[in-house]
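Just below is one structure, and these are the notes that go with it.
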Amino acid sequence: MNVVGFIIRHRLAIGSMGMLYAGKTSSVLVAFFFLPFYNRLLGPEQFGVVAVILSLQALLAMMDLGMSTLVSREVAVTSSTGRSLFQLIRTAELSLSVFYVVLLVGALFANYVNVYSGSGIGWSVICGAILLFWILVLQNIYYTTMIARRDYTLASTIQVVGVAIRACATAYVLFYISATLEAFIFTQLASAIIHWQISRFFCKKSIFEKLIYSPEIKWPKISDAIGLAKSGSALILFSAAGAAVMQLDKPLISVFVSAASVAPYYLASLLCITPISMLAGPISQYFQPVLLREAAQGCSVTIQSVLKRFVVTILLITGIPSCILWVYRTPIIELWTGQASNADLISRYVEILLPGLAIGALGFIPYSLLIFAKDFRFQALLSTCMTLITLSLVAFFSSEKNIEAICFVYAIYHALSTVATWVRAMTLPGIKDYARYSAVLALMLMLVFLSILWLVGFVFFYK
């Protein structure tokens, strides 16, 4: 009976992890398949604007005023009623709404200046894009809330279906009705609104467990929204720094280096970031709510069990693909790029970047512990300082046209941020024992893993 129960539990865990992967990777896969089609329909000029919009969308998704982290943490650890949790979500909605109203006013003013100088775009595109950003950020809060409630299948299904429908509807409109920038924006917006409403509906159902609208839930005040934003001010700084360090390297390089020379760096960065964005992210989304809930209950044996599974899973799921990519990087890159002339250069950049990014994937473990400890201020200061140092070095080496050195900078950045986060977690009273346990376990498993790889490589090399 125990064996049957063990199998059932692990099958459920694997199923939940699979749904998280589907939800996490849906946007990446849809973009991979649909963006070339949009490019052909819209033409280079309009698609250039679309590319900028999609880049801003990704940037703003990382800068949600810390609301998704604050809300998901509270949902994962709290014993509060559904009424108080939904009140928190409403307050987060109001905080983001105020932020996007300010952003809309600023964007319209900037566009007015550009229109006056003859270089602006239509106000409808500006309004539609800002509304799209706002809707998608709100929808992400509902998604992370349902994940924190362990409604993995429901949340991921809504996410996958919503992303796919938005992409298909946009392709249909562009192909059959109007291949214009306005058509792209407003089709995306209409689909996102439907996705948003469905997500909010099921998020509320997940919290209350019964679909009963309670009139006792009061609408939050502006002061409540400001207070919540202040409580997450460190997270705002943290997310802004993280977005900057991941997005601003390429513009800085472009200032000093030609586009042809920068292209291999873009491709190498894209190839290396896959293990973190598509593999480590869903693992963290699965284990973080479980870890927060067990830590809130204070059972050390259960917490160590969760940490053990967290460490082993993230090492296996990200470590093995990273090693395969690193060892076979040249044939993989030649297959991916169609044997481009700069494949050797891309391979060299991947050789430098990938080990640092693989270590960076482990950073989700101490990060989850710091989230439980509410040590947001340290994370913000660390992220800001490392971002400033990293981008300064990027600017310097860009001026020297030394992209290989920039690869070393980013490899060190990812590895060092993981080490620094773990060291910090080891100093905090409530979590230091768990941080030490997870760090020692990760180090031991990494040494075993690398020893096995070396042995296998040694045998095959001399065979």
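Everything in the sequence shown is counted per the numbering used here, starting at 3 for the first residue and increasing by one. Quick reminder that beta carbons are idealized off the backbone N, C-alpha and C, glycines included.
**Prompt:** Taking the alpha-carbon positions, what's the residue 213 to residue 88 distance?
**Reply:** In this predicted model, residue 213 has a pLDDT of only 42, less than 50, meaning its place in the structure is not dependable; the value taken from the coordinates is given anyway. Taking the straight line joining both Cα atoms gives about 13 angstroms.
**Asked** Around the C-beta of residue 119, are 16 or more other C-beta atoms found within 10 angstroms, so that it is buried, or is it exposed?
**Response** Bear in mind that a pLDDT of 42 at residue 119, under 50, signals an unreliable position, so the model cannot answer this.
**Message:** Using 8 angstroms as the cut-off, can you tell me whether the region 358-366 makes contact with the region 318-331, which would need three or more C-beta pairs spanning the two stretches below that distance?
**Reply:** These segments touch.
**Item:** For residue 448, the three-state DSSP class (helix, strand or coil)
**Value:** Helix at residue 448.
**Option in 270, 287 and 356 with minimal Cα separation from residue 373** = The shortest C-alpha separation from residue 373 is found at 287.
**Prompt:** Could you check where the alpha helix (DSSP H) with residue 389 kicks off and where it finishes?
**Reply:** 378-401 is the span of the alpha helix (DSSP H), which, as asked, contains residue 389.
**Item:** Backbone secondary structure at residue 431 - three-state DSSP
**Value:** Of the three classes helix, strand and coil, the one that applies to residue 431 here is coil, per DSSP.
**Asked** With contact counted as at least three CB pairs below 8 angstroms, one residue from each stretch, are the region 195-204 and the region 149-168 in contact?
**Response** Below 8 angstroms, enough C-beta pairs join the region 195-204 and the region 149-168 to call them touching: three or more.
**Prompt:** Is there contact here, the region 438-448 with the region 392-409, by at least three beta-carbon pairs under 8 angstroms?
**Reply:** Taking a cut-off of 8 angstroms for Cβ pairs, the region 438-448 and the region 392-409 do not touch, as fewer than three such pairs fall below it.
**Asked** Under a Cβ-count criterion, where at least 16 other Cβ atoms within 10 Å of its own Cβ denotes burial, should residue 352 be classed as buried or exposed?
**Response** Buried is the call here.
**Item:** Cβ shell of residue 313 (< 7 angstroms), same chain only, five flanking positions each side left out
**Value:** Excluding residues within five positions, the ones whose Cβ falls inside 7 angstroms are 367, 440, 443, 444 and 447.
**Prompt:** Can you tell me whether residue 303 is buried or exposed, with buried defined as 16 or more other CB within 10 angstroms of its CB?
**Reply:** Exposed, by the Cβ-count rule.
**Asked** Who are the near neighbours of residue 266 in its chain, counting only those whose CB is closer than 7 angstroms to its CB and skipping five residues on each side?
**Response** Closer than 7 angstroms at Cβ, skipping near neighbours: 344, 347, 348 and 351.
**Request:** Just confirm the distance between the C-beta atoms of residue 201 and residue 160, as a whole number of angstroms; I'd bet it's less than 8 angstroms.
**Result:** Between residue 201 and residue 160, the beta carbon gap of about 6 angstroms places them in contact (Cβ cut-off 8 angstroms).
**Message:** Please state the DSSP three-state secondary structure of residue 364.
**Reply:** DSSP places residue 364 in coil when its eight states are reduced to three.
**Message:** Just to confirm my understanding: we take residue 419, look at its own chain, exclude 5 residues before and 5 after, and list those with CB closer than 8 angstroms. What are they?
**Reply:** Excluding sequence neighbours, residue 419 sits near 362, 365, 384, 385 and 388.
**Request:** Using 10 angstroms around the beta-carbon of residue 370, count the other beta-carbons present and answer buried if the total reaches 16, otherwise exposed.
**Result:** Classification for residue 370: buried.
**Asked** Between 409, 375 and 414, which lies nearest to residue 433 when the distance is taken from Cα to Cα?
**Response** Considering only alpha carbons, the answer is 375.
**Environment of residue 392 [buried if 16+ CB atoms lie within 10 Å]** = With 16 or more other CB atoms across the displayed protein chains lying within 10 angstroms of its CB, residue 392 is buried.
**Message:** Quick check: what's the CA-CA separation for residue 173 versus residue 455?
**Reply:** Residue 173 and residue 455: Cα-Cα distance of roughly 45 angstroms.
**Request:** Specify the secondary structure class of residue 182 as computed by DSSP and reduced to three states.
**Result:** For residue 182, the secondary structure class from DSSP, reduced to helix, strand or coil, is coil.
**Asked** Got a sec? Which residues, its chain only, sit under 7 angstroms from residue 449 by beta carbon, not counting five neighbours each side?
**Response** Around residue 449: no qualifying Cβ.
**Request:** Tell me where the alpha helix (DSSP H) around residue 302 begins and ends.
**Result:** Element bounds for residue 302: 302-329.
**Asked** Which one of 282, 110 and 319 has the shortest CA to CA distance from residue 125?
**Response** With respect to the C-alpha of residue 125, the residue from 282, 110 and 319 having the closest C-alpha is 110.
**Asked** Excluding five sequence neighbours on each side, which residues of the same chain lie with their C-beta closer than 7 angstroms to the C-beta of residue 105?
**Response** Here the set comprises 132.
**Item:** Residue interval of the alpha helix (DSSP H) (run including residue 282)
**Value:** Neither: residue 282 is in no alpha helix (DSSP H) and is coded neither H nor E.
**Message:** So, with DSSP's three-state summary, where would you put residue 259?
**Reply:** DSSP places residue 259 in coil when its eight states are reduced to three.
**Asked** Pick from 255, 273, 146 and 103: whose alpha carbon is nearest that of residue 69?
**Response** Out of 255, 273, 146 and 103, 146 has the C-alpha closest to the C-alpha of residue 69.
**Request:** Quick one: measure Cβ to Cβ for residue 181 and residue 43, integer angstroms, because I've assumed they're closer than 8 angstroms.
**Result:** Contact between residue 181 and residue 43 is confirmed by a C-beta separation of about 5 angstroms, below the 8 angstroms threshold.
**Request:** With a 10 Å radius around its C-beta and 16 neighbouring C-beta atoms as the bar for buried, classify residue 102 as buried or exposed.
**Result:** With 16 or more Cβ atoms within 10 Å of its Cβ, residue 102 is classed as buried.
**Request:** Give the secondary structure of residue 142 by DSSP, where H, G and I count as helix, E and B as strand, and everything else as coil.
**Result:** Taken through DSSP and simplified to helix, strand or coil, residue 142 comes out as helix.
**Message:** Here's the rule: buried if 16 or more other CB atoms are within 10 angstroms of the residue's CB, otherwise exposed. What is residue 8?
**Reply:** At residue 8, the pLDDT of 41 sits below 50, so the modelled position is not reliable; the number obtained from the coordinates is stated separately. With fewer than 16 neighbouring CB atoms inside 10 Å of its own CB, residue 8 falls in the exposed class.
**CA nearest to the CA of residue 274, picked from 128, 378, 150 and 321** = Among 128, 378, 150 and 321, the Cα nearest to that of residue 274 is on 321.
**Request:** Check whether the Cβ atoms of residue 356 and residue 412 lie closer than 8 angstroms to each other.
**Result:** Contact annotation: residue 356 and residue 412 have beta-carbon atoms that are not nearer than 8 angstroms.
**Asked** According to DSSP, is residue 297 helix, strand or coil?
**Response** Three-state DSSP puts residue 297 in a helix.
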